[in-house]
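The listed protein sequences derive, respectively, from chains A and B.
Read in order, the letters of the first sequence correspond to residues 1 to 427 in this note's numbering.
Read in order, the letters of the second sequence correspond to residues 428 to 714 in this note's numbering.
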Amino acid sequence: MKQILKSSSLCGAMLALSMSTALAVDLELYFPVAVGGDAANIIQEMTEQYMAENADVEINAIYTGSYADTTTRAITAARGGNPPHLAILSAVDVFMLQDEGLVEAWDSYLTKDELETWVGGFYDAFRANTYKVGKTWGIPFQRSTPVMYYNKDAFKAAGLDPEAPPSNWEELIEAGKKLTVRDDSDNVTQWGVRIPSSGFPYWPFQALAIANGAELMNEEGTETYFDQPAVIEALEFFVDLSKKHEIMAPGIVDWGATPRAFLDGETAMAITTTGNLTNIRTNATFDLGVAMLPKNKQYGVATGGGDFFLFKGHDEESTRAAIDFVKWATAPEQAATWSIATGYVAPRPDIWETEKMKEYVREAPGALVARNQLEHAVAEFSTYENARVRQILNDAIAAAIVGEKSAEQALKDAQSEADAVLKLYRQ
Amino acid sequence: MTTTAIKQTQVSSGSSVREISFDRILFVTGAWALALVWLLPLLYAVWTAIHPSAYETRFDLFAPLTLENFVEAWNAAPFARYFVNTILLVTMILSAQLVLCTLAGFAFARLEFPGKNLLFSLVLLQLMVMPDILIVRNYAAMSSLGLVDTILAIGLPYFASGFAIFLLRQTFKTIPKELDEAARIEGCTLLGLLWRVYVPLAKPTMLAFGLVSVSHHWNNFIWPLIITSSTETRPLTVGLSIFATTDSGIEWSIINAATLITSGPLLIGFLLFQRQFVQSFMRAGIK
Chain A
1 MKQILKSSSL
11 CGAMLALSMS
21 TALAVDLELY
31 FPVAVGGDAA
41 NIIQEMTEQY
51 MAENADVEIN
61 AIYTGSYADT
71 TTRAITAARG
81 GNPPHLAILS
91 AVDVFMLQDE
101 GLVEAWDSYL
111 TKDELETWVG
121 GFYDAFRANT
131 YKVGKTWGIP
141 FQRSTPVMYY
151 NKDAFKAAGL
161 DPEAPPSNWE
171 ELIEAGKKLT
181 VRDDSDNVTQ
191 WGVRIPSSGF
201 PYWPFQALAI
211 ANGAELMNEE
221 GTETYFDQPA
231 VIEALEFFVD
241 LSKKHEIMAP
251 GIVDWGATPR
261 AFLDGETAMA
271 ITTTGNLTNI
281 RTNATFDLGV
291 AMLPKNKQYG
301 VATGGGDFFL
311 FKGHDEESTR
321 AAIDFVKWAT
331 APEQAATWSI
341 ATGYVAPRPD
351 IWETEKMKEY
361 VREAPGALVA
371 RNQLEHAVAE
381 FSTYENARVR
391 QILNDAIAAA
401 IVGEKSAEQA
411 LKDAQSEADA
421 VLKLYRQ
Chain B
428 MTTTAIKQTQ
438 VSSGSSVREI
448 SFDRILFVTG
458 AWALALVWLL
468 PLLYAVWTAI
478 HPSAYETRFD
488 LFAPLTLENF
498 VEAWNAAPFA
508 RYFVNTILLV
518 TMILSAQLVL
528 CTLAGFAFAR
538 LEFPGKNLLF
548 SLVLLQLMVM
558 PDILIVRNYA
568 AMSSLGLVDT
578 ILAIGLPYFA
588 SGFAIFLLRQ
598 TFKTIPKELD
608 EAARIEGCTL
618 LGLLWRVYVP
628 LAKPTMLAFG
638 LVSVSHHWNN
648 FIWPLIITSS
658 TETRPLTVGL
668 SIFATTDSGI
678 EWSIINAATL
688 ITSGPLLIGF
698 LLFQRQFVQS
708 FMRAGIK
C-alpha cells in the first residue's frame, strides 16, 4: 500500500517536474484507433516529429480507445474542467458536440486565405459532415468510404470478365448468381456478395439508399426520411439479396469477420471500408479487384471516419498552436504517410500529388477507387441525438433482415420513433 | 456414454435406485454441456492464438503451430508495464477494501451509534447506483484532488465498496454472540476482538469477495481509460483495446493471443486455487 502511494506520488512528482520544465505551449490530443496496423504508434511518431520541429510546443497525444470511448472521455474531461485542446472524434458526433457546447468552429481563428486554401482544399464529400451553417466544425483526418472488393480468380472461374465488375444492381445480382457456388449437398461454398449488417448496418445501407436516389436525413440533422419509397426500396433490395436472389448469406452478416471471409474465399465480392485495403491487399492469395459500389439510379456512398475537433476552454495562444499542429498533420507529406499506413482515404487532392502517394497508387491501384468514388459521396448519416436515432435505424435494418418485419413496416416504425426523438430540435 | 448409463439403469432393480441414477445422468450431462459451452470460447481463443491467421475460421488438425501472434500482440503495446500497473491496482483496491469494509461492516453489525440505520441505508443505496453514471462526477472529484492520471485515481472511487460492507456485515451478524462475549470477558479490546474472532471466521467471505473484486478491477476498462493518459498508469485492458479494430476487420489471432496474455494470470490463479474458491463461494453464498 505504502509503495503504491509512493509510486503514484512519484508519478505525480514526475508530472509536476515535466510541467515545470514545460515550454511555451502544452497541448493535449485525444485520438481513437479503429484500424489495425500501427495507427497508434504512427500518431505518436507524428507528434514527436512535430515537437522536434517546433521546440516551443509540447503535444501529449493520448490514445483513448474506440470512437465511442474517445467521445465519452472528451465529454467527461471537458465537464470535469479539463478539456483537451484537440480530439479526433467521429464526424457524425458534430451535432452532439455543438449541442453540448464543447467545441468551437475553426473559422474565427483562420484568415480568409487559410479558409480558402486550407479548409477549402479538402474534398467536399469529407467536409460535408462538419461544415454546418456556414462554419467549419471539424477538419477531416481519418476518413473512409465503403468500396467493393472482388476476387478476380472467382470471376474467371464463373466465366465473368474479371476487369468488368458489376456496375449496377442488376449486374450485381446476375454476377452474384453465377458466383454463388453450391456443393453436391446444396451447401453454399462461396457466396456471391457480402454486405455486413452487424454493428453499424446503417453505413452500408446508406450507400444503397443513396444509390437508389434517396437521402436519409437533412443537412440540419433535424429530419430523417426513413419512410420514403426510395429508402424502403433500398432496404428491400438489401433483404432480397439473401431472401430472393440467394446470393448473400442469410441473417445478420458480421462486420468484423468480413475481411477474413473474403480472404478465405467464402464470398466472391465484399462491400466494406477502404480501411481494409492494406489488410486485404497484403493477405489475399488471389488476384484482387477493387471497384466502386454498383449504382442503381446513381452512384453513391456515404463517407465515414473522424475529424479533428477544437475544444473550448483554452486561451487563444494554445488554440492557435493546436490549429498549427492540425495544419501540419493534414499537409501533403504527413497526410500521405498516414493514409498509406492506415488505408484511410487521403482527404485533399494535393496529397495525391505527392511522390509517396503516386508510388503507393502504382503499387495499390485499389486506393484510387475510393478517391474517384468521392465525387459521388455524401455526408454520413448524422442527426441530433445521433446515437439514439442511428440505433433506431440499425434496429429497423436488423428487423427487416431477420424477417421480423417487412422492410416497409420496419422503416415506417423507425421513422415515427426518430420523429419522436427529433421533435425537440425542430423549433 | 448415455446408452451405457441407460443399460445400467435397466439392470438395476429397485425403482428408487433407478430414479437416482437417472437424476445423476441428467446432472452429469447437464454439467458437461454447460462446461463445454463455457469452455468453447476459450478453446477457440487458444486455437486461433497458436495458429497463423489463415486458420482463424478453418479447422485443420495439422495446421502449422506458431507463437508469432503472441510476439506480435506483446509488442503492440507496453504490456509489461501494464501488467505491473494492473497488479498494483488490484492489490491496492483489494487491500483498501478489506481494511475499510471490515471496519465498517463490523461497526454496522455489532456497534450501536446514532444514525446507524440511516448510514447503512446510504451504503445500500450505493449498490443500486451504476458506477458508470458517476463517471463525470468522479472525474471532477479526482481532478479537484489533483489525482488525474494516477493509479490511485483509478482505485479511489472503489475503496468503500457498498457490496463488501453489506456482505461483511451480514457475515459478522451470523457469528455467535457467545464467542464475542467470551472474548470480551477475557479482556480483549474491540480491535483485538475484530482481529481474533470476527476476521478469522469471515475468511471465506473475504476470499470470495476478493475474487470478485480482483476479477472486476482486472477487467475494468472505461473508467481507467478516462482517468489515465500515460503508459505509466494505464492497466492491461487499455492495452488490449488497441486490438479492437472494428473499422478494418478484427484480427482474431492477435486479439486472442493478447486476450490470453492478459487473462492468463487470473485463469492460472483460479485453476490453482480452484478448490478453495469454490468452497468459500459456497460458504459465503455469493453467486
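Even glycine gets a Cβ: it sits at the ideal position worked out from N, Cα and C.
Neighbours of ASN394 of chain A in chain B, taken as residues whose beta carbon is under 8 Å from its own, are absent, since the nearest beta carbon is some 14 Å off. For ARG79 of chain A, the residues of chain B that pass the 8 Å Cβ criterion are VAL563, TYR566, ALA567, in the order they occur in the chain.
A direct Cα-Cα distance of roughly 39 Å separates ALA211 of chain A from THR76 of chain A. The contact set of ALA291 of chain A on chain B, defined by CB atoms closer than 7 Å, is empty, because the minimum CB distance reaches about 18 Å.
Residues of chain B whose Cβ lies closer than 9 Å to the Cβ of THR189 of chain A do not exist, since the nearest Cβ in that chain is about 13 Å away. Taking a 10 Å sphere around the C-beta of PRO584 of chain B, we find 16 or more other C-beta atoms and assign the residue as buried. Identification of chain A residues near GLU483 of chain B by a Cβ-Cβ cut-off of 7 Å yields ARG260, ordered along the chain.
Under the rule that a run must span 3 or more residues, the beta strand (DSSP E) segments found entirely inside the region 70-142 of chain A read 86-90.
Burial state of ILE653 of chain B is buried, judged by a 10 Å Cβ sphere holding 16 or more other Cβ atoms. One alpha carbon belongs to HIS314 of chain A, the other to ARG73 of chain A, and they sit about 18 Å apart.
A straight line joining the alpha-carbon of GLU233 of chain A with that of ASP183 of chain A spans about 32 Å. Under the Cβ criterion (8 Å, minimum of three pairs), the region 326-335 of chain A counts as touching the region 351-362 of chain A. Here PRO294 of chain A has PRO166, SER167, ASN168, TRP169, LEU172 as same chain residues with Cβ atoms under 6 Å from its own Cβ, once five neighbours each way along the sequence are excluded. For SER588 of chain B, the nearest beta carbon of chain A is not closer than 8 Å to its own beta carbon. Between the alpha carbons of ILE280 of chain A and THR689 of chain B lies a distance of about 28 Å. With a contact defined as Cβ atoms closer than 8 Å, THR224 of chain A and GLN415 of chain A qualify at about 6 Å. Around the CB of ILE695 of chain B, fewer than 16 other CB atoms lie within 10 Å, so the residue is classed as exposed. The C-alpha of LYS135 of chain A lies about 19 Å from the C-alpha of ASP324 of chain A.
Using a Cβ distance threshold of 8 Å, GLU28 of chain A and ASN60 of chain A count as a contacting pair. With fewer than 16 other Cβ atoms from the protein chains shown falling within 10 Å of its own Cβ, THR456 of chain B counts as exposed.
Nearest to ALA685 of chain B by C-alpha distance, out of B:LEU469, B:ALA460, B:LEU461, B:VAL464, is B:LEU469.
Here the region 379-396 of chain A makes contact with the region 85-96 of chain A; the two share three or more CB pairs at distances below 8 Å. The DSSP-derived three-state label of TYR344 of chain A is coil. Here ASP307 of chain A carries a strand assignment [DSSP, helix/strand/coil].
Between ALA364 of chain A and VAL345 of chain A, the CB-CB gap reaches or exceeds 8 Å. With a cutoff of 8 Å on beta-carbon distance, LEU115 of chain A and PHE309 of chain A are scored as not near each other.
In the same chain as ALA367 of chain A, and ignoring 5 residues on each side of it, the C-beta atoms closer than 7 Å to its own belong to LEU277, TYR360, VAL361, in chain order.
Here DSSP, grouped into helix, strand and coil, assigns TYR50 of chain A to helix. Per DSSP, GLU28 of chain A is one residue of the beta strand (DSSP E) stretching across 25-31.
Across the set B:VAL705, B:GLN701, B:GLY666, the C-alpha of B:GLY666 shows the shortest separation from the C-alpha of ALA503 of chain B. For ILE514 of chain B, no chain A residue has a Cβ inside 8 Å of its Cβ, as the nearest lies near 10 Å away. The residues PHE547, ARG596, in chain order, have a CB closer than 6 Å to that of PHE535 of chain B in the same chain once the five nearest residues on each side in sequence are set aside. Counting of Cβ neighbours within 10 angstroms places GLU417 of chain A among the buried residues, the total reaching 16 or more. Closest option to SER382 of chain A, judged by alpha-carbon separation, among A:PHE262, A:PHE200, A:TYR299, A:ASN296: A:PHE200. Distance from PRO162 of chain A to THR272 of chain A at the Cβ level is roughly 20 Å; contact not present, criterion being Cβ atoms closer than 8 Å. Taking a C-beta distance under 8 Å as the contact criterion, GLN703 of chain B and LEU634 of chain B qualify as a contact pair.
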